[in-house]
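In this note's numbering, the protein residues as written are 233 to 771.
Glycine included, every Cβ here is placed at the ideal spot set by N, Cα and C.
Quantities reported herein were computed from a predicted structural model and do not represent experimental measurements.
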Amino acid sequence: MMKRFLLGGVGVVALAAAAAALASPLDRALDTMSGTTVSKQEGRKPARAGGGTLRLGELVTSQLGGGTHTYTLQASEGQRLRMTLSSDDFDTVLRITGPNGFAVENDDEPGGTLNSRIDARLPATGTYQVTVASYGGNGSGAYRLNSIDPANPVPAGAEVRQLALGASLTGMLTPGDPQSISGQNIDYYRFTGHAGERVTFDLGSDQIDTLLTLFLPDGSMEEHDDIQGLDNTNSRLSITLPADGTYTLGASSFGRGVSGPYTIAASVADPNVRTIRPASGNARVFALSVGVSEYERINTLTRTDEDALRVNHALAENGMLAPQSVTLVDGQATRANFQSALTNLTHAMGPDDTLLIFFSGHGDKVEGLTTERDGSAETIELFDAALYDYELADMLSDFDGRLLLVIDACFSGGFDNVIDQHDERMGVFSSDADTLSLVAQGDKAGGYISYIFRQALEGAADLDQDRAIGAGELGEYMRREFYRTVLETPLATDAEDFRDHQVQGWQHIIVDRGGDGMPFQQVLMNYNSVSPRQVARAN
233 MMKRFLLGGV
243 GVVALAAAAA
253 ALASPLDRAL
263 DTMSGTTVSK
273 QEGRKPARAG
283 GGTLRLGELV
293 TSQLGGGTHT
303 YTLQASEGQR
313 LRMTLSSDDF
323 DTVLRITGPN
333 GFAVENDDEP
343 GGTLNSRIDA
353 RLPATGTYQV
363 TVASYGGNGS
373 GAYRLNSIDP
383 ANPVPAGAEV
393 RQLALGASLT
403 GMLTPGDPQS
413 ISGQNIDYYR
423 FTGHAGERVT
433 FDLGSDQIDT
443 LLTLFLPDGS
453 MEEHDDIQGL
463 DNTNSRLSIT
473 LPADGTYTLG
483 ASSFGRGVSG
493 PYTIAASVAD
503 PNVRTIRPAS
513 GNARVFALSV
523 GVSEYERINT
533 LTRTDEDALR
543 VNHALAENGM
553 LAPQSVTLVD
563 GQATRANFQS
573 ALTNLTHAMG
583 PDDTLLIFFS
593 GHGDKVEGLT
603 TERDGSAETI
613 ELFDAALYDY
623 ELADMLSDFD
633 GRLLLVIDAC
643 FSGGFDNVID
653 QHDERMGVFS
663 SDADTLSLVA
673 QGDKAGGYIS
683 YIFRQALEGA
693 ADLDQDRAIG
703 AGELGEYMRR
713 EFYRTVLETP
723 LATDAEDFRD
733 HQVQGWQHII
743 VDRGGDGMPF
753 QQVLMNYNSV
763 SPRQVARAN
């Protein structure tokens with residue numbers, strides 16, 4: 233049931249929605265073809281009966297005769313792992329469960345095969361259950377279960393060569409090399425780097441399609457296959473190193489069982505090249521959270537001030553809120569206070585941190601402006617004045633850190649120019665640039681997008697349960713939860729064009745990562761990255 237009221241330029245809607253459980257891959261049909269996975273000549277160890285104790289880094293080959301096989305794995309809190317399950321005979325499903333309700337499942341790994349892969353950071357010390365299954369539960373045949381510790385990927389006894397910045401080395405993949413987790417011949421190299429260094433790693437060959445893997449000191453991984461798709465199958469990875477330490481490089485091939493010569497090199501990245509900027513595992517949130525309910529110049533809203541308080545509370549409760557963060561509500565949310573807080577936050581941040589600008593309140597659309605290509609500009613309405621989209625863009629023009637801009641207000645999609653200004657920016661907007669936003673009434677929040685965002689920060693957006701929220705995870709969760717609510721009852725509202733002409737419209741969430749400006753896998757924030765003794769202030 234839905235009640236709708238219009239308050240000036242803003243609608244208010246009362247919604248009741250229950251969040252459904254995430255759909256399991258076992259509940260959906262598949263029609264892709266499986267790639268080759270288990271080689272008949274791969275038996276370096278005899279197959280064993282399914283189930284039993286599993287060690288990280290151990291390769292298991294076995295036969296599934298229908299049903300499932302379950303293995304137990306002992307692991308410590310914070311342990312990262314990559315685990316793969318592959319078969320030529322059936323469509324695999326891999327599950328890992330463990331302490332504190334940890335549960336993650338994968339049906340099909342990225343790349344279009346029917347094999348399974350899980351990358352995880354385990355939340356607690358204890359016993360984990362690893363389950364080998366088939367899609368639908370009826371598959372049978374040979375399978376290969378493998379795992380690595382990405383922080384220590386080199387097998388015992390394997391040769392490791394040192395690669396220095398500015399050096400180029402030649403190597404040869406042979407059948408006697410160690411095998412990667414996916415079954416390719418692989419050689420290992422170590423590189424000593426420092427935080428902030430911009431480095432390009434190249435792996436090339438005239439005879440093989442190369443695959444380059446970089447293992448970071450914290451156990452995260454970066455991979456690169458082809459520089460230019462089918463036109464250039466060499467590999468190149470340009471990165472800004474997130475921490476001091478030893479980095480491990482894996483030189484291998486795209487296909488399994490491939491041998492041949494290659495060259496690997498490390499050089500200073502060209503200043504014009506965009507680099508990967510992985511988080512170090514300590515990404516904090518420097519938040520400027522603004523909520524205005526009691527306006528003097530516009531009609532009053534309900535609970536939009538509470539939205540800002542609850543967002544920063546959720547960040548603080550999960551150990552992500554930097555102590556310099558600022559909350560501005562109602563009369564505090566002046567233009568001068570906003571600009572001062574923004575300046576202070578951008579100066580206090582580190583390279584791994586994320587700047588969050590959150591706003592819940594009125595928004596407006598101002599027509600007849602020659603400064604805007606479409607003839608109109610959008611605003612967020614602070615307590616004492618409007619802040620235009622182009623003004624916020626100007627305030628952030630010299631800021632090159634990570635930005636997450638979340639606006640729950642009418643016409644908020646018009647702030648996309650702020651996102652498109654630089655890479656590593658992401659926006660979540662409650663409506664299109666020409667559409668009014670509806671605001672949830674009751675105990676949930678002032679704005680419904682605010683409510684979903686708060687749930688995301690409380691842990692719901694950590695879809696892979698690695699104690700971090702990535703850009704792709706956040707976008708997926710926000711879209712998914714919004715459309716669960718409106719699937720049966722669309723959010724009917726008004727749309728307004730550059731002539732101030734209004735027609736019937738519908739509210740839709742906008743998630744904008746600036747094309748590939750904010751990579752899908754980019755970590756925005758890490759849980760417990762801030763000491764619980766540090767407390768953010770409210771101005």
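Cβ-based neighbour list, residue i, same chain, cut-off 8 angstroms, excluding 5 preceding and 5 following
i: residue 567; result: 614, 616, 617 and 619
i: residue 422; result: 392, 393, 394, 395, 478, 479, 480 and 481
i: residue 220; result: The chain is shown only over 233 to 771; residue 220 falls outside these bounds and no answer can be derived.
i: residue 596; result: 241, 610, 611, 613, 618, 642 and 643
i: residue 428; result: 472, 473 and 583
i: residue 409; result: 417, 418 and 419
i: residue 753; result: 702, 703 and 704
i: residue 288; result: 305, 307, 311, 313, 379, 380 and 381
Sequence-distant residues of the same chain with beta carbon closer than 7 angstroms to residue i, five excluded per side
i: residue 406; result: 417 and 491
i: residue 645; result: 661, 663, 664, 665 and 742
i: residue 332; result: 355 and 356
i: residue 652; result: 746
i: residue 648; result: 659 and 744
i: residue 501; result: 430, 431, 432, 470 and 507
i: residue 439; result: 492 and 493
i: residue 598; result: 608, 609 and 611
Bridge partners - residue i, DSSP secondary structure assignment
i: residue 417; result: 411
i: residue 302; result: 363
i: residue 493; result: 404
i: residue 613; result: 618
i: residue 321; result: None; residue 321 has no bridge partner.
i: residue 521; result: 559 and 590
i: residue 220; result: In this structure the chain extends from 233 to 771, so residue 220 is not present and cannot be described.
i: residue 608; result: 599
Neighbour flag for residue i against chain E, beta carbons, 7 angstroms
i: residue 756; result: No chain E appears in this structure, which consists of one protein chain only.
Which of helix, strand or coil DSSP assigns to residue i
i: residue 709; result: helix
i: residue 308; result: coil
i: residue 645; result: helix
i: residue 527; result: coil
i: residue 653; result: coil
i: residue 714; result: helix
i: residue 368; result: helix
i: residue 562; result: helix
i: residue 799; result: Outside the shown range of the chain (233 to 771) lies residue 799, about which nothing can therefore be said.
i: residue 691; result: helix
i: residue 703; result: helix
i: residue 276; result: Interpretation of residue 276 is limited by its pLDDT of 44, a score under 50 that renders its predicted location unreliable; no figure is taken from the coordinates.
i: residue 599; result: strand
i: residue 585; result: coil
Residue span of the beta strand (DSSP E) that contains residue i, given as start and end
i: residue 456; result: 453-456
i: residue 757; result: 755-758
i: residue 478; result: 477-485
i: residue 392; result: 392-394
i: residue 432; result: 430-436
i: residue 353; result: 348-353
i: residue 285; result: 284-286
Where the alpha helix (DSSP H) through residue i begins and ends
i: residue 686; result: 680-687
i: residue 572; result: 567-580
i: residue 445; result: Segment 442-447 is the beta strand (DSSP E) holding residue 445; no alpha helix (DSSP H) there.
i: residue 719; result: Residue 719 -> no alpha helix (DSSP H), and no H or E assigned at all.
i: residue 543; result: 536-549
Neighbour-count burial assignment, residue i, 16 or more Cβ in a 10 Å radius
i: residue 420; result: buried
i: residue 575; result: exposed
i: residue 261; result: Since pLDDT at residue 261 reaches only 30, below the 50 mark, its modelled position is unreliable, and the value read off the structure follows with that caveat. By the neighbour-count rule (16 or more Cβ atoms within 10 Å), residue 261 is not buried but exposed.
i: residue 387; result: exposed
i: residue 404; result: exposed
i: residue 527; result: buried
i: residue 634; result: buried
i: residue 456; result: buried
i: residue 554; result: buried
i: residue 503; result: exposed
i: residue 569; result: buried
i: residue 276; result: Note that residue 276 has pLDDT 44, beneath the 50 cutoff, so the model's placement of it is unreliable and no number is given.
i: residue 626; result: exposed
i: residue 762; result: buried
i: residue 707; result: buried
i: residue 783; result: No answer is possible for residue 783: it lies beyond the span of the chain, which begins at 233 and ends at 771.
Same chain, Cβ closer than 6 angstroms to residue i, neighbours up to 5 away in sequence not counted
i: residue 259; result: Confidence in residue 259 is poor, its pLDDT being 37 and thus under 50, which makes the residue's placement unreliable; the coordinate value appears in the next sentence. So the list is empty, once near-sequence residues are dropped.
i: residue 755; result: 511, 515, 700 and 702
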